[in-house]
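Residue numbers (this note's numbering): 8 to 339. We treat Cβ as the ideally placed atom computed from N, Cα and C, and that holds for glycine. The block underneath contains the structure these notes are about, expressed in structure tokens.
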Amino acid sequence: MASYKDVLVTGGAGFIGRNMIAGMVRDGYTITALDNYKIGGKEFVDDEIRKEVNWVEGDSRDYSLIAKLTKGVDGVIHLAAPSSFLMYEEDPTDGASVTTQGFLNILEAVRRNDVGKLVYASTSAVYEGNPVPYTEEMTLAPPDLKALSKKWNEEAARQYSDRYGITAVGLRPFSVYGHDEFSKGGYANVISLFVWAALSGQTPVLWGNGQQTRDFIYVTDAGRAFQLALEADLKTDEFNVGTGLETTFNRTLDLIGSELGVDLTPRYVPTPIAIYAERLWADTRKAENILGFHPSVTVEEGIRRVIASAKEARDRWPELGTRQMYFETLPS
């Protein structure tokens, strides 16, 4: 294992964060996790992992706190930011503030405290408007505030790298889904929303004609990519985190229905937002060749895991089946 043993993880209780931390703890890392618990919560963290991590409640926009937490650590994995495009649409000021001010605090603290490496979450949304599959060398012209804020992060990271010599590696996750997405509620990945609706006897709601695609990557694979980026001998750079495969929404419903033994005929509705990606598909060769990253969970296996987890959780969160109805309240 690389020398980055003591690590600060921001957004540690979030969906990717808690799954990534579980793997890192098993691999011998010492973790301090910062989270404001706006979306994530310690109740979603495995009991054994919770006891092994130093949990700190706070906000990445608090520079004094970030400066304190980065003293003496070997590396930082920065995940703290709104995870959904819809969160930025609903509260653009807060979304952009967390994403940009919080990241600038991280960069400055990493510089001043001489932290060995920063790995941070960007987004595949920076590519929208380009032809698929998306490659890291494409020209970026983000169409929405989330993608624009993340592109700013990448540019700020490169500036800090050029001026101050820090190493900052940005990962661009594609459509991350998985077994314990309950904390995200209506902001969860469509695979989780479809499964929750189906198990509750609800008709899944599908925007458009269902032929839109996503490069679905399982959450534990996404978390492992961040760990690999921390461990690898890298210069400042950006990498896609996906599977290299695209799957239509109609296909995901077919897979879920087949697994449950039911006919999942969705209710097709007009897409209620102006900016919407019809295709997301990663070119993964750079991550494969440089990080050695190869996803291990197929979409078929991932759907089986989501179904099993949702069945187990129905008694704890009986309202999950209604979460997709959130989409019908969006203004057009």
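Local Cβ density within 10 Å of residue i, reported as buried at 16 or more and exposed below that
i: residue 275; result: exposed
i: residue 8; result: Low local confidence applies: a pLDDT of 44 at residue 8 is under 50, so the model's placement there is unreliable, with the coordinate-based value given in what follows. That one is exposed.
i: residue 232; result: buried
i: residue 134; result: buried
i: residue 24; result: buried
i: residue 191; result: buried
i: residue 305; result: exposed
i: residue 281; result: exposed
i: residue 149; result: buried
i: residue 350; result: Not covered by the structure: residue 350. The range shown for the chain is 8 to 339.
i: residue 146; result: exposed
i: residue 238; result: buried
i: residue 54; result: exposed
i: residue 35; result: exposed
i: residue 137; result: exposed
i: residue 322; result: exposed
i: residue 109; result: buried
i: residue 294; result: buried
Presumed contact (8 angstroms Cβ cut-off) between residue i and residue j, rounded CB distance
i: residue 178; j: residue 236; result: 6 angstroms
i: residue 187; j: residue 10; result: With a Cβ gap of about 31 angstroms, residue 187 and residue 10 do not count as contacting.
i: residue 143; j: residue 246; result: 7 angstroms
i: residue 291; j: residue 251; result: 4 angstroms
i: residue 14; j: residue 73; result: That belief does not hold up - the Cβ atoms of residue 14 and residue 73 are roughly 14 angstroms apart, past 8 angstroms.
i: residue 123; j: residue 79; result: About 11 angstroms; that fails the 8 angstroms criterion.
i: residue 226; j: residue 185; result: 3 angstroms
i: residue 106; j: residue 157; result: 7 angstroms
Where the beta strand (DSSP E) through residue i begins and ends
i: residue 13; result: 13-17
i: residue 64; result: 61-64
i: residue 177; result: 175-180
i: residue 247; result: 244-248
i: residue 122; result: Per DSSP, residue 122 belongs to no beta strand (DSSP E) and is neither H nor E.
i: residue 39; result: 37-42
i: residue 139; result: No beta strand (DSSP E) contains residue 139, which DSSP labels as neither H nor E.
Range covered by the alpha helix (DSSP H) that runs through residue i
i: residue 107; result: 99-119
i: residue 169; result: 152-171
i: residue 70; result: 70-77
i: residue 312; result: 306-320
i: residue 228; result: 226-238
i: residue 22; result: 22-33
i: residue 257; result: 256-267
i: residue 203; result: 197-206
Reference residue i; option with closest CA among the options
i: residue 162; options: 129, 135 and 141; result: 129
i: residue 242; options: 125, 278 and 193; result: 125
i: residue 180; options: 160, 165, 155 and 228; result: 228
i: residue 205; options: 254, 219, 278 and 313; result: 313
i: residue 219; options: 239, 253 and 150; result: 253
i: residue 286; options: 140, 105, 43 and 106; result: 140
i: residue 259; options: 32, 222, 22 and 33; result: 222
i: residue 207; options: 331, 40, 151 and 310; result: 331
i: residue 240; options: 170, 296, 307 and 121; result: 296
i: residue 324; options: 40, 22 and 203; result: 203
Do three or more CB pairs link the region 269-286 to the region 62-72 at distances below 8 angstroms?
no
With a threshold of 8 angstroms, are at least 3 pairs of Cβ atoms found where one atom belongs to the region 18-26 and the other to the region 83-95?
yes
Are there three or more Cβ pairs, one per stretch, closer than 8 angstroms when the region 206-215 is compared with the region 90-109?
no
Should the region 113-122 be regarded as contacting the region 36-48, the criterion being three or more beta carbon pairs within less than 8 angstroms?
no
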